[in-house]
Amino acid sequence: MTMELEELLGAVQKRFRPYDGQLPAFSALPAKGVARTELLDLLAKMEHGEEGPWKKGRVSGAVYHGEREHAKFATRAYALSSHTNPLHPDVWPSLVKMESEIVAMTAHMLGGGASTRGAVTSGGTESILIAMKAYRDWSRAKRSITEPEVVLPVSAHVAFDKACHYFGLRPKLVPLTEDYAANVEAVKTAITPNTAVVVGSAPCFPYGVVDPIREMSEVAKDAGVGFHTDACLGGFILPWAKRLGEDVPTFDLGLPGVTSISADTHKYGYAPKGTSVVLYSDPEILHRQYYVAKHWPGGIYFSTTMAGSRPGGLVAAAWATLLALGEEGYLELAKKVLAAAKELRSGVAKVPGVHLMGPSPIVAAFRTEPQDVYQVMELLSQRGWFLNGLQNPPGLHLAVTLRQTPPAVVRSFLRDLRWAMKEAATGSGTGGLAPVYGLASTMPDDAVEEFLDSILDWMYHGS
Ligand SMILES: Cc1ncc(COP(=O)(O)O)c(C=O)c1O
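4 is the number of the first residue of the sequence shown in my numbering; add one for each residue after it.
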């Protein structure tokens with residue numbers, strides 16, 4: 004590794020492992036258990052040290068609710084079921100009831116019909132992985148496709164590329180329009196006889212833009228291929244935004260071409276981290292997601308998703324969250340988030356040299372000119388902001404959650420952004436993690452991969 008990269012690795016290490024040498028470290032099981040009070044104190048100390056940025060609304064996305072009473076209620080629901088496991092429906096039929104109700108409530112919210120079926124997964128990535136695996140097997144069974152392709156706008160979440168990598172699918176990337184939405188004509192051209200599924204986002208992660216799902220799904224339907232809406236981010240807020248009169252294009256199972264959709268309970272569903280829902284308009288596609296083993300010596304085995312044992316406590320917490328909030332609760336929270344996002348976007352657009360990337364109800368993505376946007380990011384991080392760095396083209400985004408809804412948060416962000424733009428114009432902000440975001444454009448892929456591998460090795464090596 005070059006000297007430059009070694010230095011960069013040092014900066015990453017400082018950020019990711021600040022407790023080295025600062026807190027008791029455990030590289031093997033202690034011979035005798037550590038006192039429970041001591042461990043709870045240690046956990047509280049770490050949490051206390053880390054809660055500042057997200058509680059103050061300085062972290063993009065990540066924590067969608069975070070109010071103390073809400074968290075207390077959800078963790079109480081978790082605690083009551085922390086020992087339960089949906090793998091044993093005979094022992095815990097309560098989980099069958101709760102999972103099927105989570106699926107039904109989500110389907111009802113997202114335009115599902117009488118034939119809509121689905122499952123609860125561990126998060127957006129698993130919903131996407133398992134759906135892509137289902138399309139692979141469905142297209143093989145129904146259309147004899149042996150080299151299946153997935154048509155993906157470049158803004159689609161990286162979990163789709165991960166699915167292609169895991170399951171032997173070929174990603175067919177398509178470009179965006181000037182507004183950072185999927186280009187329908189390019190989608191049409193990318194479809195071949197090998198296409199298993201077309202993907203659209205509502206909205207996409209990088210820019211928060213809702214793709215033209217109606218048009219894209221019609222193209223897919225005409226071609227006789229599946230269409231997956233990735234509403235992991237927007238599934239639990241866009242329906243309420245629509246009800247509140249926002250101009251949100253239709254994106255859900257109500258469209259005849261949409262054959263599946265993913266929506267995360269652990270994002271704007273406000274449940275604790277660890278659940279998402281994937282839904283299909285046709286149970287036959289869902290069946291390609293299931294795994295059943297008939298002859299295993301361990302007995303007949305069947306599971307809906309990729310995991311075996313699963314945390315029933317998280318199912319209970321998600322179920323309780325959906326029911327405690329109800330439509331009224333979701334509408335009220337959506338109103339606050341949408342108002343804060345509007346305020347943020349209009350403020351950002353007024354900062355000289357800052358340019359919004361695409362229209363979005365919940366995200367402010369922007370690029371800067373002539374300032375280097377990663378320097379701006381580094382300077383903002385010095386003021387305690389944790390934003391997401393974008394690439395191709397370089398940019399930044401702040402995804403708005405309830406944490407940014409107190410007006411003082413948006414005001415302080417805009418003040419700090421104006422300051423960072425001025426500082427970056429003088430050449431400040433070149434250190435820290437800024438160069439990491441520009442890496443892929445300046446180094447060969449192999450070197451970037453080696454660098455990222457070494458970060459992961461280093462992060463999780465024992466003390
Ligand atoms: C549009 C979109 N899809 C999928 C995901 C993946 O979700 P998860 O991080 O829960 O795996 C995200 C995460 O932010 C997302 O924004």
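Ideal placement from N, C-alpha and C gives every residue a C-beta, glycine not left out.
Note that the coordinates shown come from a computational prediction; the quantities given were computed from them, not determined experimentally.
Minimum Cα-Cα distance from glycine 430 among the listed residues Val379, Leu26, Ala122, Arg71 corresponds to Val379. Contact check for valine 187 against histidine 231 fails: the beta carbons are separated by 9 Å or more. For phenylalanine 254, the Cβ stays outside the 8 Å cut-off from all heavy atoms of ligand 1.
Within 10 angstroms of the beta-carbon of glycine 60 lie 16 or more other beta-carbons, which makes it buried. By the 16-neighbour rule on beta-carbons within 10 angstroms, alanine 411 is exposed. Annotation: the continuous alpha helix (DSSP H) that includes lysine 353 extends over 315–353. Residue range 437–445 is occupied by the alpha helix (DSSP H) that includes glycine 441. Taken from the Cβ of serine 63, every heavy atom of ligand 1 lies 8 Å or farther away. Straight through space, the alpha carbons of valine 94 and phenylalanine 454 are spaced by roughly 47 Å. Between ligand 1 and the CB of leucine 236, the shortest heavy atom gap is smaller than 8 Å.
Rounded to whole angstroms, leucine 334 and lysine 345 show a C-alpha spacing of 16 Å. Straight-line spacing of the CA atoms in asparagine 88 and tyrosine 293 works out to 17 Å. For ligand 1, a non-hydrogen atom lies closer than 8 Å to the CB of histidine 160.
Taking a contact as a CB-CB distance under 8 Å, the pair valine 212 and proline 362 counts as one, their CB atoms being some 6 Å apart.
Secondary structure of histidine 160 (DSSP, three-state): coil. If you compare the alpha carbons of Val376, Ser220, Val366, Arg406 with that of threonine 433, the shortest gap goes to Val376.
In this structure, the CA atom of leucine 172 is about 33 Å from the CA atom of valine 403. As the crow flies, the alpha-carbon of glycine 24 is around 25 Å from that of glutamate 7.
Residues of the same chain with a CB within less than 6 Å of the CB of proline 275, apart from the 5 flanking positions on each side, are Ala77, Ala320 in chain order. With a cutoff of 8 Å, glutamate 372 does not count as near ligand 1, since its C-beta is closer than that to no heavy atom of the ligand. If you look at glycine 356, you'll find it isn't in any alpha helix (DSSP H); DSSP assigns it neither H nor E.
Excluding sequence positions up to five before and after glycine 229, its CB lies within less than 8 Å of the CB of Tyr138, Trp141, Ser142, Ala199, Val200, Val201, Ala223, Thr262, Ser263, Ile288, all in the same chain and listed in chain order.
In this structure, DSSP gives proline 174 an extended state, which the three-state scheme calls strand. Following the DSSP letters along the chain, one finds isoleucine 105 in no beta strand (DSSP E) but inside the alpha helix (DSSP H) bounded by residues 96–112. Phenylalanine 208 has its CB nearer than 8 Å to a heavy atom of ligand 1. Contact between glutamate 152 and lysine 136 is absent: CB atoms are separated by about 14 Å, not below the 8 Å threshold. Distances from the alpha-carbon of glycine 257 to those of Leu326, Gly115, Ala166 put Gly115 closest. With contacts defined as CB atoms closer than 9 Å, proline 364 and glycine 237 qualify as a contacting pair. Taking a cut-off of 8 Å on C-beta distances, the segment 204–218 touches the segment 157–164, as three or more cross pairs fall below it.
In the three-state reduction of the DSSP assignment, glycine 55 falls in the helix class.
Per DSSP, reduced to three states, the secondary structure at isoleucine 216 is helical. Annotation for phenylalanine 230: the continuous beta strand (DSSP E) segment containing it runs 229–234. For leucine 45, the closest C-alpha among the options Phe29, Leu12, Gly126 is that of Phe29. Contact annotation, serine 279 with threonine 408: C-beta distance approximately 23 Å; criterion of less than 8 Å not satisfied. Annotated three-state conformation of glutamate 152 is strand, per DSSP. Contact between glutamate 129 and methionine 309 is confirmed by a C-beta separation of about 6 Å, below the 8 Å threshold.
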